[in-house]
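Here is the structure we will look at, set down as structure tokens.
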Amino acid sequence: MENHDHLSNPTLNSSSSNTSSYDLLKIVYDPQNVNLDYFRDIPLNTQNKTWIRLFRPDISLDMNKLPLIVYFHSGGFSCPVTSVHHDFCKSMAIHLPVNHRLSPENRLSATYEDAEDALFWVQNQALDAVNGDPWLRGYVDFSECFIMGCSSGGNIAYHVGLRSLELNLEPIQISGLILNQPYFGGLERTGSELRLINDKVLSLAKTDVMWELALPHGANRDHWYCNSIAKDATSRKKLDDERLIKWRCLVTGFTQDLLIDRQIEFVKMLENESPMKVVSLMKDGGYRLVAHFDSEIAEELFNVMREIIFSSSK
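Structure, rendered in structure tokens:
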């Protein structure tokens, strides 16, 4: 797990001859830098060394208060947030990326617990009229909060979304989920996993290793954290909760992503078993995390997100 104590630059690690190319992409944590006009780093749980990076909208625009997106990044539960995630997040409005604990040092459900911490942090800002974060209190409609994630972040968003049904989060209200190519698995191989077994972006062997590092000790890929469409999955038992009738849920997938078959089956499960409004954006081509690198795909995703977020469920 990365150590934040030595970090100073708010955007990227400084380069050196001994620094790997991946290290150069890592976002570094700097809560002392308060002079940034569109994002700030805020400690979440100091004991767990988790933190959030809060993005605010363009304050030159005349706007009503906006829905809040609580965001979880990709990386197979084991990779820290990078400049790729930062650039993706800054394209959206009021946005709260959560930098959670990483596997294998911190196996699931540690990440889900960090996600709950983030929701409680938002709640505390909403309740504190005096000392609540001014960006949240100034720009956020706390009755419209969405939980979003990409890849493993989509897995986190799904699980913490359902876990939120058991939490008292008043006055904030969860209005839905945005799951961009969510990351699920299972012991039985799907057709797309076998077809794209050696995919250069994310091979099947890599997914197996990441699950082995992230799941609780002794668990296999049919554990419900991973195989969320298994008939006996604990999370699946929550899908018929009548409160979900007000939720909207977007699920995306691409045919050249080896997990596409699991995403299609996941959507079918939601449509058949949950009262929430489900929107499926399944596209030909693409690859894993394509919206992070293809501006046209990203813009299409953002347009669909706007339609879902600003549509009324009331």
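Number 236 in full-length UniProt numbering belongs to position 236 of the sequence shown; there are no gaps in the numbering.
A virtual CB, placed ideally from N, CA and C, is assigned to each residue, including glycine.
Do residue 192 and residue 258 have their C-beta atoms within less than 8 Å of each other? yes
Candidates 181, 115, 73, 296: which alpha carbon is nearest residue 262's? 181
Could you tell me the distance, in whole angstroms, from the CA atom of residue 20 to the CA atom of residue 212? Confidence at residue 20 is low in this model, with a pLDDT of 46, below 50, so its placement is unreliable and the value that follows should be read with caution. When rounded, the distance between both Cα atoms is 25 Å.
With 16 as the cutoff for other CB atoms within 10 Å, does residue 87 come out buried or exposed? exposed
First and last residue of the beta strand (DSSP E) that includes residue 253? 248-254
Alpha carbon of residue 153 to alpha carbon of residue 169, nearest angstrom: 21 Å
Tell whether a beta-carbon distance below 8 Å holds between residue 122 and residue 66. no
Is residue 52 near residue 118, with beta carbons less than 8 Å apart? yes
Within 10 angstroms of its Cβ, does residue 244 collect 16 or more other Cβ (buried), or is it exposed? buried
Identify which residue in 115, 254, 273, 248 has its Cα closest to the Cα of residue 307. 248
Cα-Cα, which of 160, 176, 157, 163 is closest to residue 146? 176
DSSP bridge partner residues for residue 160 (one or two, in chain order): Residue 160 pairs with nothing; no bridge assigned.
My parser needs the alpha helix (DSSP H) runs of 4 or more residues fully inside the stretch 68-100; what are they? 83-89
So, is residue 72 buried or exposed, given that buried needs 16 or more other C-beta atoms within 10 angstroms? buried
Output the distance between the C-alpha atoms of residue 149 and residue 298, rounded to the nearest integer angstrom. 14 Å
I need the straight-line Cα distance from residue 144 to residue 114, nearest angstrom please. 21 Å
If you run the structure through DSSP and keep just helix, strand and coil, what is residue 43? strand
Ignore the nearest five residues each way along the sequence and tell me which others in residue 252's own chain have a CB closer than 6 Å to its CB. 180, 181, 281
Kindly identify the DSSP beta-bridge partner or partners of residue 55. 39, 95
With distances taken from CA atoms, which of 227, 178, 229 is nearest residue 276? 178
Check whether the Cβ atoms of residue 108 and residue 214 lie closer than 8 Å to each other. yes
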